[in-house]
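Have a look at the structure below before the remarks.
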Amino acid sequence: MAARRALKAVLVDLSGTLHVEDSAVPGAQEALKRQLRSAPVTIRFVTNTTKECKRDLLERLTKLGFDIAENEIFTSLTAARNLLEQKQVRPLLLVDDKALPDFTGISTNDPNAVVVGLAPEHFHYEMMNRAFR
(Lines of atoms letter the chains of each structure in order from A and count residues from 1; the text may use other names and numbers.)
(Lines give C-alpha, C1' and ligand atoms only; values in the text may rest on other atoms or scores of the structure.)
Protein backbone atom coordinates (compact mmCIF):
# COMPACT_ATOMS: atom_id res chain seq x y z
CA MET A 1 0.00 0.00 0.00
CA ALA A 2 1.33 3.44 -0.93
CA ALA A 3 2.23 5.88 1.81
CA ARG A 4 -0.31 8.60 2.38
CA ARG A 5 0.91 12.09 1.50
CA ALA A 6 0.12 15.08 3.66
CA LEU A 7 -2.31 17.51 2.09
CA LYS A 8 -0.49 20.76 1.30
CA ALA A 9 -3.11 22.87 -0.43
CA VAL A 10 -6.82 23.10 -1.16
CA LEU A 11 -8.44 24.79 -4.16
CA VAL A 12 -11.99 25.94 -3.45
CA ASP A 13 -14.29 26.92 -6.30
CA LEU A 14 -16.20 30.09 -5.51
CA SER A 15 -19.32 30.23 -7.66
CA GLY A 16 -21.80 27.60 -6.55
CA THR A 17 -19.57 26.38 -3.72
CA LEU A 18 -19.24 29.41 -1.43
CA HIS A 19 -21.79 31.67 -3.09
CA VAL A 20 -24.48 31.80 -5.76
CA GLU A 21 -24.62 35.35 -7.14
CA ASP A 22 -25.24 37.56 -4.07
CA SER A 23 -26.11 34.79 -1.61
CA ALA A 24 -23.78 32.64 0.44
CA VAL A 25 -24.25 28.90 0.17
CA PRO A 26 -25.73 27.76 3.51
CA GLY A 27 -22.97 26.65 5.87
CA ALA A 28 -20.15 27.85 3.63
CA GLN A 29 -18.84 30.58 5.95
CA GLU A 30 -18.82 28.23 8.92
CA ALA A 31 -17.11 25.44 6.95
CA LEU A 32 -14.44 27.84 5.79
CA LYS A 33 -13.83 29.18 9.31
CA ARG A 34 -13.96 25.94 11.27
CA GLN A 35 -12.59 23.37 8.85
CA LEU A 36 -10.38 24.88 6.19
CA ARG A 37 -8.85 27.84 8.03
CA SER A 38 -7.94 25.66 11.01
CA ALA A 39 -6.16 23.07 8.84
CA PRO A 40 -2.41 23.43 8.19
CA VAL A 41 -2.88 23.83 4.44
CA THR A 42 -2.65 26.62 1.90
CA ILE A 43 -6.07 27.65 0.61
CA ARG A 44 -6.73 29.29 -2.72
CA PHE A 45 -10.09 30.25 -4.15
CA VAL A 46 -10.67 29.77 -7.86
CA THR A 47 -13.34 30.72 -10.35
CA ASN A 48 -13.77 30.75 -14.09
CA THR A 49 -16.09 33.73 -14.08
CA THR A 50 -15.22 36.53 -16.49
CA LYS A 51 -18.14 38.81 -15.59
CA GLU A 52 -16.39 40.89 -12.94
CA CYS A 53 -12.94 41.92 -11.80
CA LYS A 54 -11.28 40.34 -8.79
CA ARG A 55 -11.81 43.48 -6.67
CA ASP A 56 -15.60 43.34 -7.20
CA LEU A 57 -15.66 39.61 -6.53
CA LEU A 58 -13.73 40.10 -3.29
CA GLU A 59 -16.10 42.90 -2.25
CA ARG A 60 -19.08 40.61 -2.83
CA LEU A 61 -17.51 37.80 -0.81
CA THR A 62 -16.62 40.17 2.04
CA LYS A 63 -20.21 41.47 2.18
CA LEU A 64 -21.36 37.85 2.42
CA GLY A 65 -19.18 37.33 5.49
CA PHE A 66 -16.21 35.51 3.99
CA ASP A 67 -12.73 36.30 5.30
CA ILE A 68 -10.72 35.99 2.10
CA ALA A 69 -7.69 37.99 0.99
CA GLU A 70 -7.35 39.23 -2.59
CA ASN A 71 -4.12 37.29 -3.08
CA GLU A 72 -5.98 34.06 -2.24
CA ILE A 73 -8.27 34.43 -5.27
CA PHE A 74 -7.25 33.16 -8.72
CA THR A 75 -9.63 33.81 -11.61
CA SER A 76 -9.62 33.03 -15.31
CA LEU A 77 -9.00 36.75 -15.80
CA THR A 78 -5.90 36.42 -13.59
CA ALA A 79 -4.70 33.57 -15.80
CA ALA A 80 -5.38 35.60 -18.94
CA ARG A 81 -3.50 38.61 -17.60
CA ASN A 82 -0.55 36.46 -16.56
CA LEU A 83 -0.36 34.93 -20.03
CA LEU A 84 -0.61 38.33 -21.73
CA GLU A 85 2.28 39.60 -19.60
CA GLN A 86 4.34 36.46 -20.15
CA LYS A 87 3.88 36.54 -23.93
CA GLN A 88 4.16 40.34 -24.05
CA VAL A 89 1.15 40.73 -26.34
CA ARG A 90 -1.45 43.47 -26.71
CA PRO A 91 -5.00 42.13 -26.45
CA LEU A 92 -8.31 43.07 -27.92
CA LEU A 93 -10.40 42.61 -24.77
CA LEU A 94 -13.80 41.08 -25.50
CA VAL A 95 -14.80 41.01 -21.85
CA ASP A 96 -17.52 42.61 -19.77
CA ASP A 97 -16.77 46.20 -18.78
CA LYS A 98 -16.80 45.09 -15.12
CA ALA A 99 -13.82 42.82 -15.87
CA LEU A 100 -11.64 45.54 -17.40
CA PRO A 101 -9.98 46.65 -14.12
CA ASP A 102 -8.15 43.30 -14.05
CA PHE A 103 -6.33 44.40 -17.21
CA THR A 104 -5.26 47.85 -16.00
CA GLY A 105 -1.80 48.67 -17.31
CA ILE A 106 -1.96 46.17 -20.18
CA SER A 107 -1.51 47.92 -23.53
CA THR A 108 -4.39 47.32 -25.94
CA ASN A 109 -3.03 49.54 -28.73
CA ASP A 110 -2.63 47.74 -32.07
CA PRO A 111 -3.81 44.37 -30.66
CA ASN A 112 -2.06 41.16 -31.64
CA ALA A 113 -4.06 38.84 -29.35
CA VAL A 114 -7.69 38.40 -28.30
CA VAL A 115 -9.10 37.73 -24.83
CA VAL A 116 -12.69 36.44 -24.86
CA GLY A 117 -14.94 36.41 -21.82
CA LEU A 118 -18.67 36.37 -21.17
CA ALA A 119 -19.58 39.62 -22.91
CA PRO A 120 -22.42 39.16 -25.38
CA GLU A 121 -22.50 42.91 -26.05
CA HIS A 122 -19.13 42.52 -27.81
CA PHE A 123 -20.18 39.69 -30.11
CA HIS A 124 -21.28 41.38 -33.30
CA TYR A 125 -19.90 41.42 -36.85
CA GLU A 126 -17.81 44.55 -36.46
CA MET A 127 -16.05 43.26 -33.35
CA MET A 128 -15.62 39.74 -34.75
CA ASN A 129 -14.02 41.18 -37.90
CA ARG A 130 -11.69 43.23 -35.73
CA ALA A 131 -10.79 40.19 -33.63
CA PHE A 132 -9.99 38.03 -36.65
CA ARG A 133 -7.71 40.67 -38.16
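Residue numbers for the sequence shown follow this note's numbering, so the first one is 1 and each next one is one higher.
The C-beta atom is built at its ideal place from N, Cα and C for all residues, glycine as well.
None of the values given here were measured: they were computed from a predicted structure.
DSSP, read as helix, strand or coil, puts HIS122 in helix. When DSSP assignments are scanned along the segment 8–85, the uninterrupted stretches of beta strand (DSSP E) that are 3 or more residues long and fall wholly within it turn out to be 9–13, 42–47 and 73–75.
Less than 8 Å separates the beta-carbon of THR108 from that of LEU93.
Spanning the alpha carbons of ASP22 and ILE68 requires a straight line of approximately 16 Å.
Ranked by Cα distance from ASP102, the first of GLU121, SER15 and THR49 is THR49.
GLN29 and ASN71 have their C-alpha atoms some 19 Å from each other.
Nearest to THR78 by alpha-carbon distance, out of LEU100, PHE123 and GLU59, is LEU100.
The Cβ atoms of LEU64 and ALA24 sit closer than 8 Å to each other. VAL114 has LEU92 as its beta-bridge partners, per DSSP. The Cβ atoms of LYS51 and ASP97 lie no closer than 8 Å to each other. Note on geometry: alpha-carbon atoms of THR104 and VAL20 lie some 27 Å from one another.
When rounded, the separation of the alpha-carbon atoms in CYS53 and GLU126 is 25 Å.
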